[in-house]
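Using this note's numbering, read the sequence shown as starting at 63 and increasing by one per residue. Each residue gets a CB set at the ideal place from its N, CA and C atoms; glycine is no exception. The structure appears right after this line, and notes come after that.
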Amino acid sequence: MKILAVSPHLHSGETTPVLMRAVLLALTPALLAALIFFGWRAVWLTATCVGAAVLTEYLAALFFRKGNYLNDLSSVVTGLLLAFVLPPSLPLWMAALGAVFAILIVKELFGGLGHNIFNPALSGRAFLLASFPIIMTNWTAPFDALTTATPLALAKSGQLLDAVTSATLQTGVAEQTANYWSLFLGNVAGSLGETSALALLLGAAYLLCRKIIDWRIPLGYLGTVALFMFLAGEDVAFHLLAGGLLLGAFFMATDYTTSPMARRGKWIFAIGCGILTSVIRLWGGYPEGVCYSILIMNMFVPLIDRLDEAKNK
63 MKILAVSPHL HSGETTPVLM RAVLLALTPA LLAALIFFGW RAVWLTATCV GAAVLTEYLA
123 ALFFRKGNYL NDLSSVVTGL LLAFVLPPSL PLWMAALGAV FAILIVKELF GGLGHNIFNP
183 ALSGRAFLLA SFPIIMTNWT APFDALTTAT PLALAKSGQL LDAVTSATLQ TGVAEQTANY
243 WSLFLGNVAG SLGETSALAL LLGAAYLLCR KIIDWRIPLG YLGTVALFMF LAGEDVAFHL
303 LAGGLLLGAF FMATDYTTSP MARRGKWIFA IGCGILTSVI RLWGGYPEGV CYSILIMNMF
363 VPLIDRLDEA KNK
């Protein structure tokens with residue numbers, strides 16, 4: 063008797079807990095950077111998101127009479143990634159609500175790990191942005207609680223002026239200057255875990271060396287944004303370093319469940335993410351387009367995989 067199962071059929075020794083631990087380790091530099099720049103706010107926001115995500119998954123497992131999947135650490139990764147894409151000053155109850163939405167609605171109601179269509183962490187952020195748009199675009203400067211704007215918001219409003227991407231925003235009580243070096247280290251306003259390019263690149267290098275993620279998606283994503291911004295006459299280095307592009311390219315778009323399986327599909331997916339991100343940044347209503355670009359391309363993953371299967375027949 064032949065036993066048939068759905069694809070993929072290739073297996074390795076990397077179990078889900080092993081993969082999740084590797085991702086958590088790769089996110090550690092960005093978490094440490096967040097603790098340095100945003101202090102206790104980073105601690106409480108991260109703890110709230112992770113705690114709410116784990117608790118929601120546990121209660122969902124009881125309600126749906128499923129096995130205990132807490133040991134796979136996927137809910138911890140989702141909670142941590144959600145915290146990384148939220149403003150440091152966000153009220154904790156809102157962060158918890160976003161985590162519940164990410165786990166219960168986006169993940170568990172679709173069948174649990176491996177069955178969700180959309181990236182849970184980004185879906186949680188999109189839900190919070192749609193529900194609380196003002197506070198979700200309220201940013202604080204590193205090392206203090208003064209309200210300021212992100213480098214991308216400054217660029218969107220035309221306040222990012224000179225060739226070395228130096229911008230000054232006078233808030234009445236604080237002045238922020240963002241340049242390449244600040245963007246690289248992370249000493250700029252932004253979501254909790256997206257500001258430090260250095261920390262994210264260290265984590266990405268670890269995942270690439272371990273072959274946890276496929277290099278095609280981040281290369282295609284970042285390369286498309288770079289080419290698009292170059293052709294549009296924009297500052298390429300600024301757009302690569304600013305906002306959530308590095309976090310999205312290496313840690314969100316590469317999610318196994320919500321990205322294509324075949325090599326050709328990965329390129330299509332990555333290029334689509336890059337084009338959408340660039341279009342939203344330049345002409346959209348929001349200064350950042352990473353979240354929505356990945357979620358939109360998530361919708362096309364089944365179609366991309368289907369086309370790849372058809373071509374291989």
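Quick check on residue i: does DSSP put it in helix, strand or coil?
| i | result |
| --- | --- |
| residue 201 | strand |
| residue 319 | coil |
| residue 90 | helix |
| residue 108 | helix |
| residue 78 | helix |
| residue 339 | helix |
| residue 212 | coil |
| residue 272 | coil |
| residue 39 | The question about residue 39 has no answer here: the residues shown for the chain are numbered 63 through 375. |
| residue 307 | helix |
| residue 355 | helix |
| residue 241 | coil |
| residue 225 | Low confidence applies to residue 225: its pLDDT is 33, below 50, so where it sits in the model is not reliable, and the reading given next is rough at best. Three-state result, residue 225: coil. |
| residue 255 | coil |
| residue 350 | coil |
| residue 175 | coil |
| residue 367 | helix |
Please look up how many angstroms separate the CB atoms of residue i and residue j, rounded, as I've assumed it's under 8 Å.
| i | j | result |
| --- | --- | --- |
| residue 184 | residue 139 | Not really, about 13 Å apart at Cβ, beyond 8 Å. |
| residue 100 | residue 182 | Between residue 182 and residue 100 the Cβ distance is about 23 Å, and since that is not below 8 Å, they are no contact. |
| residue 342 | residue 348 | 6 Å |
| residue 329 | residue 282 | 5 Å |
| residue 115 | residue 161 | 4 Å |
| residue 320 | residue 287 | 19 Å between Cβ atoms; not a contact. |
| residue 89 | residue 313 | 7 Å |
| residue 145 | residue 107 | 5 Å |
Provide the residue span of the alpha helix (DSSP H) that contains residue i, from first to last.
| i | result |
| --- | --- |
| residue 300 | 298-303 |
| residue 279 | 278-293 |
| residue 188 | 182-193 |
Which term fits residue i, buried or exposed, when burial requires 16 or more other beta carbons within 10 angstroms of its beta carbon?
| i | result |
| --- | --- |
| residue 301 | buried |
| residue 77 | exposed |
| residue 206 | exposed |
| residue 157 | buried |
| residue 359 | buried |
| residue 196 | exposed |
| residue 219 | exposed |
| residue 111 | buried |
| residue 133 | exposed |
| residue 366 | buried |
| residue 292 | exposed |
| residue 153 | exposed |
| residue 255 | buried |
Is residue i near the ligand ATP, going by C-beta to nearest heavy atom under 8 Å?
| i | result |
| --- | --- |
| residue 170 | Of ligands this structure carries none, so the ligand ATP is not represented either. |
Just to confirm the assignment: which complete alpha helix (DSSP H) runs, minimum length 4, are found wholly within the segment 120-171? 136-146, 154-162
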